[in-house]
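Chains as they are written, first to last, in our numbering: chain A, 10 to 341; chain B, 10 to 341; chain C, 100 to 312; chain D, 100 to 312. Quick reminder that beta carbons are idealized off the backbone N, C-alpha and C, glycines included. The structure presented is a predicted model; accordingly, all values stated were derived computationally and were not measured.
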Ligand SMILES: Nc1ncnc2c1ncn2[C@@H]1O[C@H](COP(=O)(O)OP(=O)(O)O)[C@@H](O)[C@H]1O
Ligand SMILES: Nc1ncnc2c1ncn2[C@@H]1O[C@H](COP(=O)(O)OP(=O)(O)O)[C@@H](O)[C@H]1O
Ligand SMILES: [Mg+2]
Ligand SMILES: [Mg+2]
Ligand SMILES: [Mg+2]
Ligand SMILES: [Mg+2]
């Protein structure tokens, strides 16, 4: 295991200290908790957005704390949901009468821990509601299963619900627009290499020199299947066809595209993927309103990428374009 | 070699197509040239900043094309300086009476190719000047050698000279402030793994599971020496002590810090490095005015990082804070 | 047979030791079909529990189990934290105020624990989770206690039932938890949570056998 | 002895073939102390040159060499593009308008080429660059031509001098180009540019020997 860290057991705390030292203009760390909150959070009289999850997905979620996105982010151990008491502290730190919306990625651990935190906050008469993001179309959906994972599409929820909250939308309005984003977002990814959780010290699976893992999650878990490695064009087509199979697009539809790097993939390769994604969408008459390319929701040093498509309407477009100022996501 | 690409020989062209498709609001690609220029470049009546170099350093340099930074970026083959004719096209596309400043990283190839392009442009009566960035303190400096390389500190030059140009500084003023940034910037990096040039198909060197390379360039070249891998704190201290050995800082000095990822390093690790860098500077009484953390000047999928320190004065601070809007670097 | 508070604490610490010993096994099982941290999670949780139990001042077994549950919830994270945590917290209620517990208490404890896990995780048997070990173990316990079998036999049958449940998880596809993302690909692997549940029940059997001897 | 335009073109294409054959060698040499692309660069450049020469319409050897130089400059990039490009462009000037060149022209060509490389790269012999092959080769050429030695002997001595230069580069630390960043660590490795220069001179020797036979 090659990592630039100190003790594996301190990696999250070290990271948060380094993060709050880097971005004092945006965020501060709560003493004794692995929580970062907006610097200027006091008495904002707006709905507060709280998200979080296991660490190892940086810049998610701490990097999205700031104006127009999140008010607080809770960082669990690497790839492990934070505990309810940590989440509860985050809620308490940013809650006012306008209420709090929790943005949860759909993993059993996250859902249960956030749920328990929500129960704790409600017991203290804090107005809390939550949405669960489940954009990963690699996983078959069914009412009898855990359902789909939340992956990179979560950033669209942060951005758009964050803009609605910043515009002083009510808790139910912010929740409604978050649900709309969730309903209109599909994602899927592939990986060329696994990743190593610092505390575990070795990778969860191995891949042959000519193999790739399809339908990977973002926690080093194996994906739905494995194939020979393909060209960027083929990968783009494969991901897109699964995504569009899930949420078909018509000619003249408008979309936002995210080509997300999983941690070790050169930006160069993400742009190469976008070439095909963009061309394929255009061929179908779909209008690409905005494209986001980079490392938004990573999986430590995993090589690979995911593609997310969000179908837009006028409301979503204007919220996507609203000002945002956070360490990792800025719209001027 | 595991890469998400199509044909290795098309990787730069594919990337630029994907890049201009992703960021039409910022830049456009010149037909038939591996050059991207600012979308709104025409008749800007300001000094134009042109930079570039081999590809494989993304987001450098195309990602910094936009308001307040570069006007054009020329992309050579991976890790190979672009040719003079390409650079010349970039200069022609953005030049007006205010003139053009070339920002060159100090590599023999870059320097010679940009120099020849400058000669070509001057022969056409275009006002062109240039600066050469050489921030890498890993390399001993001497008038008889090639001298130091230009690495991540180059981004500070783009940002600050770009702001000066945006503020309608004259060519000599823009050049002067660029020189000031260069004189006050020192950087150094380490790598945990090599990288693979797509056309070569294999890495330039190998590292043992417990080794790291110190004083690496950004082209997959070996560094000045090799050691056992160290903790993040030790790495931070080692890099900082070399950097401060080069340009000592006094108590009350103000600096900008950049912790730059080389491509495959999780943001988590960069924050862990920043924890120590920040603490060490504070111990010395140095004020950290601003910190930039992320992948700014990469080396394909190399794992590792560099630290850059820019000593600031009032002019540099205000230019660093000036608005910038580019795909990869934004200041609101 | 009955257990005092001190014996309960001893038993809980023994569980902690077992989970520590099997940390790598559980993590590797989770690596195959999950995210490879179940052993780390359980060990982290029970290390915290053991530390808490070192200082605990009460004889109230309800309080002891509640402390275990809350410690798990606030230290583990992931899925197993709220699940095992809720199990202990719910179980605590039925023995609140007791300084000694017997087999009939253990039946109620197990019943509440299984209920708690179902409530929190919304899984059913056959979903390839810890429930596939715990539910048959509980049924066996209930039946054997009704039949008044000797305690050692009972606890042995209970842990054997859990082990059978573990083996059953190997044959089925996961519908809950991370392994469900793998679909059919999860077949052929034991569920790590079912294994940790088995290990806990096995430790209960062995520890109580030793106490009795 | 003299070379016609067609023979010059043939010779240039032979150089292209040699560099293609040694692409991996040059790249590996560059990998050890540079960025591992010198073979790729040279091959890319001379592939473009060969293509250009297929269509070239002129008999003017000056024009031919200028085309080679410009093609290298606009296709190679990196350090070797401007260096070899400038060398050919400068050399072109001294044979402008000629349809045939002799040994004395070759001396002038080499002189200008070396001058061009020095001007462009600001290196001196001993810096561990292509100059360490080219400068002794030029000196040997000049001397031998003065002494009126037979052409085959001359060209053989020239390429041998270049090879000695290559071997010399193995012993010294680089002061120019990427290898200079390695400092002392560059000792023990041949300079890739010196090797490509040697290969070019060796091809000139062999090709002209064949033409003569
Ligand atoms: N909904 C659920 N109901 C019951 N048990 C579950 C559920 N989801 C997961 N589990 C159990 O949790 C175990 C995984 O725990 P762990 O690895 O610690 O958490 P995580 O999946 O968050 O990494 C699974 O093996 C399974 O037995
Ligand atoms: N300043 C210089 N003067 C002469 N030759 C040089 C100089 N710098 C580099 N070279 C030559 O260029 C060679 C490297 O060329 P190449 O690998 O194609 O370019 P790059 O270094 O840009 O990758 C070196 O081996 C050396 O012979
Ligand atoms: Mg987990
Ligand atoms: Mg090169
Ligand atoms: Mg797990
Ligand atoms: Mg080279």
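Collapsing the DSSP output to three states places residue 269 of chain B in a strand. Taking the C-beta atoms as reference points, residue 125 of chain D is found nearer than 9 Å to residue 295 of chain D.
For residue 230 of chain A, the secondary structure class from DSSP, reduced to helix, strand or coil, is coil. Straight-line spacing of the CA atoms in residue 262 of chain B and residue 99 of chain A works out to 35 Å. Listed along the chain, the chain B residues whose CB falls inside 8 Å of the CB of residue 202 of chain A are 11.
Contact between residue 159 of chain A and residue 145 of chain A holds: their C-beta atoms lie close to 7 Å from each other, under 8 Å. Every residue whose Cβ sits closer than 5 Å to any heavy atom of ligand 6 is listed here in chain order: D/129, D/133, D/134, D/136 and D/137. Not one beta carbon of chain C lies nearer than 9 Å to the beta carbon of residue 26 of chain A.
Residue 319 of chain A has A/194 and A/265 as its beta-bridge partners, per DSSP. Here residue 115 of chain B is buried, its C-beta having at least 16 other C-beta atoms within 10 Å. At a cut-off of 9 Å between beta carbons, residue 281 of chain C contacts chain A.
Among the residues of chain A, those whose CB is under 9 Å from the CB of residue 240 of chain B are 13, 14, 15 and 16, following chain order. Nearest to residue 193 of chain C by alpha-carbon distance, out of C/184, C/180 and C/209, is C/209. In the assembly as shown, residue 341 of chain A is an exposed residue. Its beta-carbon has fewer than 16 other beta-carbons within 10 Å.
Just measuring C-alpha positions, the residue of A/73, A/90 and A/168 sitting nearest residue 330 of chain A is A/168. Assigned with DSSP and collapsed to three states, residue 136 of chain D falls in coil, not helix or strand. When Cβ-Cβ separations below 9 Å define contact, residue 339 of chain A makes contact with chain B. When rounded, the separation of the alpha-carbon atoms in residue 126 of chain A and residue 277 of chain B is 25 Å. By the criterion of a C-beta distance shorter than 6 Å, residue 288 of chain C is surrounded in its chain by 131 and 132, once the five residues flanking it on both sides are discounted. Remark: C-beta atoms of residue 148 of chain B and residue 157 of chain B approach each other more closely than 9 Å.
In summary, residue 128 of chain B is exposed, with fewer than 16 beta-carbon neighbours lying within 10 Å of its beta-carbon over all protein chains present. Here residue 300 of chain B carries a strand assignment [DSSP, helix/strand/coil]. Between residue 203 of chain B and residue 61 of chain B, the alpha-carbon positions lie close to 22 Å from each other. Per DSSP, reduced to three states, the secondary structure at residue 76 of chain A is strand. Selection C/286, C/160, C/183 and C/159 evaluated against residue 297 of chain C yields C/183 as nearest (Cα-Cα).
Put simply, the backbone Cα of residue 232 of chain B is about 22 Å away from that of residue 303 of chain B. The DSSP-derived three-state label of residue 289 of chain B is helix. Annotation for residue 126 of chain B indicates a beta carbon at 8 Å or more from all heavy atoms of ligand 2. Taking 9 Å as the Cβ-Cβ cut-off, the region 282-304 of chain A approaches chain B at 282, 283, 284, 285, 286, 287, 288, 291, 297, 299, 300, 301, 302, 303 and 304, given in chain order. The Cβ-Cβ distance between residue 65 of chain B and residue 315 of chain B does not fall below 9 Å. For residue 34 of chain B, there are no neighbours in chain D by C-beta distance under 7 Å, as the nearest C-beta there is about 30 Å away. Residue environment analysis places residue 97 of chain B among the buried positions, since at least 16 neighbouring C-beta atoms fall within 10 angstroms of its C-beta.
DSSP places residue 117 of chain C in the uninterrupted alpha helix (DSSP H) bounded by 104-120.
For residue 270 of chain B, the Cβ stays outside the 8 Å cut-off from all heavy atoms of ligand 5. Under the DSSP definition of a beta bridge, residue 200 of chain A partners with A/222 and A/313. Distance between residue 240 of chain A and residue 81 of chain B, taken at the CA atoms: about 30 Å.
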